[in-house]
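See below for the structure under consideration.
In the numbering used here, the protein residues as written are 56 to 476.
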């Protein structure tokens, strides 16, 4: 099967000098479009029709045949001849006899100092091209022309040739439909993801406003603002009933002697809103909510006396959070769905993180806000709670300029805490 270089690329010298006509390439001696007869132009239309209904191809104008009939006489075109092949003028004539219109361009390159006109014909997209008007001796109305391996541009009159045209049209239409559907699905997915993201962000923003109106940082003590949000992949406002949320939270609460993240007393005093189960702690400056959409949000003030944060306290809170979240989303029936966990710690600039083994070391955060995001499946979150807690804790420690060598016992510290009963 003969193929054009580079899929109709601009390798014009190779086209001009190939010297063999085929099912994708035709040569014509020097012509002037404005001086050609209607029949001569009709021949060009027939070649364009045939190429477009087969694989596409090229018609090189300016190469004549030698005595043996080979296209090897590189005569080129005069300035007048080459300018006569105006794409608009030629295109209007060609497509007057064709339905649907043929897609082609006319290139006018200079090769070895000679000018040529080259028709670059594209294969049909969805429907084959049919001749709609006759030109005596060249075109017949209602005929589908094809290009054959022996470089003939003739009507498709055999059953197998018509079948191949139909199959190619059906394949092209399936591919076009597939591209359209992929585009629609991609746009819808992107739109849905953007809308979901905005819905979740709005709920978190409203929760933060509510919390700050009702809770103040501990008086006289510097405090960090903690935000922890877990969102499902899509927003559905009524994914869960409020009673189902309460049951899930009750089953998910870790059984720890001295809980640091949230406790059963908060659940007992939790109340329902139009969109969530909400607990505003009376003892601690914190609030958490589980929304009917499946989102979980936790916000709290974390006191840091003398702008020092106990590393052990941080580890316990994070370990307990992952134990609870793994349990919660298992109870809600999530498995392979991807959950996005977003953690922020604000007012951290110049706060020191105290490591038990390095009590005098100055591990200080130099940025005002720490932001970390993780994406995990619900099943992974539930089965790898200690590893995920260690990962988040390590990333927070990095913001305090702590190297990994001081965190080697972190997994053991987390496991020990979670094993308490």
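By construction, the Cβ of each residue, glycine as well, lies at the ideal position given by its N, Cα and C atoms.
Just so you know, these numbers come straight off a predicted model, no measurement behind them.
inquiry  = Based on DSSP bridge pairs, tell me the residues matched to residue 344.
reply    = If you number the chain shown from 1, residue 344 lands on position 289. In the DSSP output, where bridge partners are listed per residue, residue 344 has 333, 352.
query = Are residue 117 and residue 85 close, meaning C-beta to C-beta below 8 Å?
reply = Translated into the one-based positions of the chain shown, residue 117 becomes position 62. Translated into the one-based positions of the chain shown, residue 85 becomes position 30. The answer is yes: Cβ separation under 8 Å.
inquiry  = Just to check my reading of the structure: residue 422 and residue 369 have Cβ atoms closer than 8 Å, yes? What is that Cβ distance to the nearest angstrom?
reply    = For the purposes of this step, residue 422 is taken as residue 367 along the chain shown, with counting starting at 1. For the purposes of this step, residue 369 is taken as residue 314 along the chain shown, with counting starting at 1. The Cβ separation is near 16 Å, so there is no contact.
ask   = Hey, would you say residue 261 sits closer than 8 Å to residue 179, going by beta carbons?
value = As a working mapping, residue 261 is identified with position 206 in the chain shown. As a working mapping, residue 179 is identified with position 124 in the chain shown. Not a contact, by the Cβ cut-off of 8 Å.
query = Looking at C-beta atoms only, is the number of pairs between the segment 168-188 and the segment 148-155 that lie closer than 8 Å three or more?
reply = yes
inquiry  = According to DSSP, is residue 105 part of a helix, a strand, or is it coil?
reply    = Residue numbering aside, residue 105 sits at position 50 when the chain shown is read from its first letter. DSSP places residue 105 in helix when its eight states are reduced to three.
message = Less than 8 Å between the beta carbons of residue 159 and residue 103, yes or no?
response = As a position in the chain shown, residue 159 is number 104, starting the count at 1. As a position in the chain shown, residue 103 is number 48, starting the count at 1. Contact flag set, yes.
inquiry  = Please identify the residue among 141, 404, 272 whose C-alpha is closest to the C-alpha of residue 362.
reply    = Residue 362 sits at position 307 when you count from the first residue of the chain shown. Among 141, 404, 272, the Cα nearest to that of residue 362 belongs to 404.
query = Can you list, in chain order, the residues of its chain whose CB lies under 7 Å from that of residue 245, leaving out five sequence neighbours each side?
reply = The count along the chain shown starts at 1 and reaches residue 245 at position 190. Annotation note: pLDDT 49 at residue 245 (below 50); position unreliable, no value reported.
query = Terminal residues of the continuous alpha helix (DSSP H) containing residue 407?
reply = By 1-based counting over the chain shown, the position of residue 407 is 352. No alpha helix (DSSP H) holds residue 407; the beta strand (DSSP E) holding it covers 407-410.
task = May I have the straight-line CA-CA distance separating residue 72 from residue 128, to the nearest angstrom?
result = Taking the chain shown and counting its residues from 1, one reaches residue 72 at position 17. Taking the chain shown and counting its residues from 1, one reaches residue 128 at position 73. One C-alpha to the other measures close to 9 Å.
inquiry  = On the CB-based measure, 16 or more other CB atoms within 10 Å of its CB, does residue 472 come out buried or exposed?
reply    = Residue mapping note: residue 472 aligns to position 417 of the chain shown, counting from 1. When all chains shown are included, residue 472 counts as buried.
ask   = Whole beta strand (DSSP E) runs in the segment 419-474 with 3 or more residues, listed along the chain?
value = 424-432
query = Helix or strand or just coil, what does DSSP make of residue 126?
reply = Taking the chain shown and counting its residues from 1, the one referred to as residue 126 is at position 71. In this structure, residue 126 counts as strand in the three-state DSSP scheme.
key: Check whether residue 101 and residue 200 have beta carbons under 8 Å apart   = Counted from its first residue, the chain shown places residue 101 at position 46. Counted from its first residue, the chain shown places residue 200 at position 145. Going by C-beta atoms, residue 101 is nearer than 8 Å to residue 200.
key: the segment 339-353 / the segment 438-458 touching (three or more Cβ pairs under 8 Å)   = no
request  = Can you tell me which of 412, 269, 351, 174 puts its alpha carbon nearest to the alpha carbon of residue 365?
outcome  = Within the chain shown, the letter at position 310 stands for residue 365. Ranking the options by Cα distance to residue 365, first place goes to 412.
request  = Below 8 Å on the Cβ atoms is my guess for residue 78 versus residue 110; work out the distance and round it to an integer in Å.
outcome  = Your numbering for residue 78 matches position 23 in the chain shown. Your numbering for residue 110 matches position 55 in the chain shown. With a Cβ gap of about 7 Å, residue 78 and residue 110 count as contacting.
task = Taking only runs that begin and end inside the segment 133-191, name each unbroken alpha helix (DSSP H) of 4 or more residues, in chain order.
result = 134-139, 142-149
inquiry  = Once the 5 residues before and after residue 303 are set aside, which same chain residues still bring their CB inside 7 Å of it?
reply    = As a first step, residue 303 must be located in the chain shown, where it is residue number 248. Excluding sequence neighbours, residue 303 sits near 383, 386, 387.
task = Please name the residue, chosen from 445, 336, 291, 218, that lies closest to residue 269 on a Cα-to-Cα basis.
result = Within the chain shown, numbered from 1, the residue matching residue 269 stands at position 214. Nearest option by C-alpha distance: 336.
query = From residue 231 to residue 223, what distance separates their C-alpha atoms?
reply = Position 176 of the chain shown, counting from 1, holds the residue named residue 231. Position 168 of the chain shown, counting from 1, holds the residue named residue 223. The alpha-carbon atoms of residue 231 and residue 223 are separated by roughly 12 Å.
ask   = For residue 391, which residues of its own chain have a beta-carbon under 8 Å away from its beta-carbon, when the five flanking residues on both sides are left out?
value = The sequence position of residue 391 within the chain shown is 336, counting from 1. These residues qualify, in order along the chain: 432, 433, 434.
task = Reducing DSSP to helix, strand and coil, say where residue 199 ends up.
result = The sequence position of residue 199 within the chain shown is 144, counting from 1. Residue state, collapsed to three classes: coil.
request  = Work out the CA separation of residue 184 and residue 138 for me, nearest whole Å.
outcome  = By 1-based counting over the chain shown, the position of residue 138 is 83. By 1-based counting over the chain shown, the position of residue 184 is 129. So the alpha carbons of these two residues sit roughly 27 Å apart.
ask   = Rounded C-beta distance between residue 176 and residue 106? I'm assuming under 8 Å.
value = Indexing the chain shown from 1 puts residue 176 at position 121. Indexing the chain shown from 1 puts residue 106 at position 51. Going by Cβ atoms, the distance from residue 176 to residue 106 rounds to 4 Å, so yes, they are a contact pair.
query = Can you tell me where the alpha helix (DSSP H) with residue 305 in it begins and where it stops?
reply = Translated into positions along the chain shown, residue 305 becomes position 250. 297-307 is the extent of the alpha helix (DSSP H) around residue 305.
query = In chain order, what residues of the same chain have a beta carbon less than 7 Å from the beta carbon of residue 62, not counting five sequence neighbours either side?
reply = As a working note, residue 62 is residue 7 in the chain shown. Low per-residue confidence applies at residue 62: pLDDT is 39, beneath 50, and the placement is therefore not dependable enough to give any value.
request  = Using DSSP bridges, identify the partner residues of residue 76.
outcome  = Locating residue 76 in the chain shown gives position 21, where the first residue counts as 1. Paired residues: none, contrary to the question.
key: Spatial distance of residue 167 from residue 173 (CA atoms)   = Taking the first residue of the chain shown as position 1, residue 167 is located at position 112. Taking the first residue of the chain shown as position 1, residue 173 is located at position 118. One C-alpha to the other measures close to 15 Å.
ask   = Considering residue 370, what are the terminal residues of the alpha helix (DSSP H) in which it resides?
value = Start at 1 with the first residue of the chain shown, and residue 370 comes out as number 315. Start and end: 366-386.
Which of helix, strand or coil DSSP assigns to residue 257 = Looking up residue 257 in the chain shown gives position 202. Of the three classes helix, strand and coil, the one that applies to residue 257 here is helix, per DSSP.
ask   = Looking at residue 348 and residue 291, is the spacing between their C-beta atoms short of 8 Å?
value = Residue numbering aside, residue 291 sits at position 236 when the chain shown is read from its first letter. Residue numbering aside, residue 348 sits at position 293 when the chain shown is read from its first letter. Yes; because the gap between Cβ atoms is below 8 Å, this pair is in contact.
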